[in-house]
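If you're matching positions, the sequence shown starts at 9 in the numbering used here and goes up one per residue.
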Amino acid sequence: MDKNINFLVFGRFPTERAYGVHVVSNAKSYQNFGKVKIIYPSTTNSKTIDSNPEEYFSRSDGIVFEKIDFYDITDNLLFKLSPSFLKQFLWLLFTYIFGKKVSKNIPNNNNEILWSTSSVLLYSASKKNHQLIFELHGRARKIQSYFLKKLYKKNYYRKIFISTSKFGTDDLHNRGIKNNLLFMPNGVDTDLFRPKNPNDSYKDKLNIGYVGQLHTYGIEKGITFSLSALDAAINELKNSPQSENMYKNIIFTVVGGTDEEHKLIDDFKNFDTVFFKNTNQENVAKILQSIDIGIVPYPKEEHIAKYSSSLKLFEYISSGVAVIASDVKANQVFDKDIGIEFFEAENFESLKRKFKYFLNKKNSHHLADLAKLNEAYRDKLSWGLRTKEILKNLE
Numbered sequence: 009m010d011k012n013i014n015f016l017v018f019g020r021f022p023t024e025r026a027y028g029v030h031v032v033s034n035a036k037s038y039q040n041f042g043k044v045k046i047i048y049p050s051t052t053n054s055k056t057i058d059s060n061p062e063e064y065f066s067r068s069d070g071i072v073f074e075k076i077d078f079y080d081i082t083d084n085l086l087f088k089l090s091p092s093f094l095k096q097f098l099w100l101l102f103t104y105i106f107g108k109k110v111s112k113n114i115p116n117n118n119n120e121i122l123w124s125t126s127s128v129l130l131y132s133a134s135k136k137n138h139q140l141i142f143e144l145h146g147r148a149r150k151i152q153s154y155f156l157k158k159l160y161k162k163n164y165y166r167k168i169f170i171s172t173s174k175f176g177t178d179d180l181h182n183r184g185i186k187n188n189l190l191f192m193p194n195g196v197d198t199d200l201f202r203p204k205n206p207n208d209s210y211k212d213k214l215n216i217g218y219v220g221q222l223h224t225y226g227i228e229k230g231i232t233f234s235l236s237a238l239d240a241a242i243n244e245l246k247n248s249p250q251s252e253n254m255y256k257n258i259i260f261t262v263v264g265g266t267d268e269e270h271k272l273i274d275d276f277k278n279f280d281t282v283f284f285k286n287t288n289q290e291n292v293a294k295i296l297q298s299i300d301i302g303i304v305p306y307p308k309e310e311h312i313a314k315y316s317s318s319l320k321l322f323e324y325i326s327s328g329v330a331v332i333a334s335d336v337k338a339n340q341v342f343d344k345d346i347g348i349e350f351f352e353a354e355n356f357e358s359l360k361r362k363f364k365y366f367l368n369k370k371n372s373h374h375l376a377d378l379a380k381l382n383e384a385y386r387d388k389l390s391w392g393l394r395t396k397e398i399l400k401n402l403e
């Protein structure tokens, strides 16, 4: 019997583009194993993207997007005026109710696979003959943890628990979820994110790039810090004996963020800053073709430093781009043979030293070596391999 893979999402899809890209890219990799559907609620939230998901999220051919009519609690005045604890309760309550509505549309057959990052949604939508895939992105809080334990104890046809971070895996294990538990970082579409032709490189230009949101849950993700460190590195090199070896054309490219955020950081005179607002994956892949160094300057904030699994990091590597990353645990998930240079998180001098080294054209061979390491490693990171491993463990 053919498999039906149902991706269940609530609230963050299609409102959050980064989460949406993850869901669609992940769902696409299941198409070789059955029919794939993404099930999500209708919304009146003004922050939601204007176009349909199938139009907005590129490379989604073959995926069925099923929108379920549902009351959007976030547009309710009472919800907006409520204290945070009540908002959280109402959010989880409506997540549960949405799951029950979804459950009516999914037959109680063992060829039905339900995937979600919400334990509340997965529990309320599931039936005993279903196969379940739960993915923890971040940290399991109290209520999410309660429903995780209920999923773990209840008998289903098959089930598997996945965390995209090592700390998340430890959290689940410490909460009693010890069987059918996997640590699996995110993946990347290796067909889309491909290395550039080395002949396209301009020898007197260095393009440093950042892809993604500039803030997560109100936390700045290190972009202003990085721009300031680059500016300081250029100033020091200009006034040193190494000035003649510095690249003449230095660019910092930011893909993501809002116009307001861009205005706040478009302030540096030592290099050109190029901004692209949120765009589809095809355009991101094309932009990365012009990048020499991809940066992941995450701060020490706990959620980001321990529990994230950065899609941008995978996209850089798959594109054959050398990487400079902060040494937070979330960035240190690969083998040693990888093209990443680490700096001490939130240490301005540490990042400045990295920039000074790579701004010197005499060190371009090292940059090329890092890029080659990533080109050699990229095939290990495909969504297809990840999905194949998940389904093998689900058998």
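Where a beta carbon is used, it is the ideal one built from N, C-alpha and C, also for glycine.
- For E290, the closest alpha carbon among the candidates L375, V196, V341 is that of V196.
- By the Cβ test, the segment 210 to 217 is not in contact with the segment 180 to 198, since fewer than three Cβ pairs between them sit closer than 8 Å.
- Less than 8 Å divides the Cβ of S316 from the Cβ of Y306.
- Here the alpha carbon of F78 sits roughly 14 Å from the alpha carbon of K112.
- Beyond the five residues adjoining it in sequence on each side, Y165 comes within less than 8 Å, by CB distance, of N118, K136, N137, H138, Q139 in the same chain, given in chain order.
- The Cβ-Cβ distance between L130 and Y255 does not fall below 8 Å.
- With a beta-carbon spacing of about 6 Å, I312 and T224 fall inside the 8 Å limit used to define contacts.
- DSSP places K285 outside any alpha helix (DSSP H), giving it a letter other than H or E.
- Within the segment 42 to 121, the runs of beta strand (DSSP E) that reach at least 3 residues and sit entirely inside it are, in chain order, 42 to 49, 72 to 76.
- The continuous alpha helix (DSSP H) containing E269 extends over residues 267 to 273.
- For secondary structure counted as the beta strand (DSSP E) over 3 or more consecutive residues, the segment 281 to 367 holds these complete runs in sequence order: 301 to 304, 330 to 334, 348 to 351.
- In the assembly as shown, F15 is a buried residue. Its beta-carbon has 16 or more other beta-carbons within 10 Å.
- In the three-state reduction of the DSSP assignment, K11 falls in the strand class.
- Of the residues assessed, D300 falls on the buried side of the cut-off, its CB having 16 or more other CB atoms within 10 angstroms.
- Taking G70 as the centre and dropping the five residues before and after it, the same chain places the C-beta of Q39 closer than 6 Å to its C-beta, in chain order.
- Rounded to the nearest whole angstrom, the C-alpha separation of D280 and H270 is 13 Å.
- About 11 Å separates the Cβ atoms of L378 and A333, ruling out a contact at the 8 Å cut-off.
- With a cutoff of 8 Å on beta-carbon distance, Y385 and D335 are scored as not near each other.
- Every alpha helix (DSSP H) stretch that sits fully inside the segment 113 to 178 and reaches 4 residues is listed by chain position as 127 to 133, 150 to 161.
- Shortest Cα-Cα distance from D178 to any of L402, W391, T395, K314 involves K314.
- Note: T261 is bridge-paired with G217, V282 in the DSSP secondary-structure output.
- When beta bridges are read from the DSSP output, I227 appears opposite T224.
- Here Y160 has I185 as same chain residues with Cβ atoms under 6 Å from its own Cβ, once five neighbours each way along the sequence are excluded.
- Between the segment 42 to 53 and the segment 78 to 90 there are three or more inter-stretch CB-CB distances shorter than 8 Å, so the stretches are counted as touching.
- As computed with DSSP, L180 is found in no beta bridge at all.
- The beta carbon of N371 sits closer than 7 Å to the beta carbons of Y365 from its chain, once the five residues preceding and following it are set aside; these are given in chain order.
- In the structure shown, F191 adopts extended strand secondary structure according to DSSP, grouped into three states.
- Check the Cα spacing between N253 and each of K211, A376, A237, G42: the tightest is with K211.
- Annotated as proximal: E74 and I47, with beta-carbon spacing under 8 Å.
- Going by C-alpha positions, S327 is about 29 Å away from K43.
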